[in-house]
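Residue numbers (our numbering): 273 to 371.
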């Protein structure tokens, strides 16, 4: 059994696929990723667009992780100084020596 490469057009046209994408999805991906003039390969614009999206998503994940870390650190410092509740007596403690 040989592996089929959907971007080269070697996907079978009949039967159901067991993979995550159908033939129609591979056909659409090939249509928009393929270079128009040469007929083979992926166009330079597609590579640049894919790399840009990949870098943007990676940057977003990294920034969100760093900001979440700063948020957790700030909350730990704020709650470390003062707790959620502060209990105080109305009357002063008169016999504090036994305590």
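Cβ atoms here follow ideal geometry from the backbone N, Cα and C, with glycine treated the same way. Nothing here was measured: the structure is a model prediction, and the numbers come from that model.
Which of the three DSSP states is assigned to residue i in this structure?
i	result
residue 359	coil
residue 369	coil
residue 337	helix
residue 322	helix
residue 352	helix
residue 293	coil
residue 274	Per-residue confidence for residue 274 stands at a pLDDT of 49, beneath the threshold of 50, marking its modelled position as unreliable; no derived number is given.
Which residues does DSSP pair with residue i in a beta bridge?
i	result
residue 314	306
For a cutoff of 9 Å on Cβ pairs, would you count residue i as touching chain C?
i	result
residue 361	No chain C is part of this structure, which consists of one protein chain only.
Looking only at its chain, what residues have a beta carbon closer than 6 Å to the beta carbon of residue i, apart from the 5 residues adjacent to it on each side?
i	result
residue 364	none
residue 306	none
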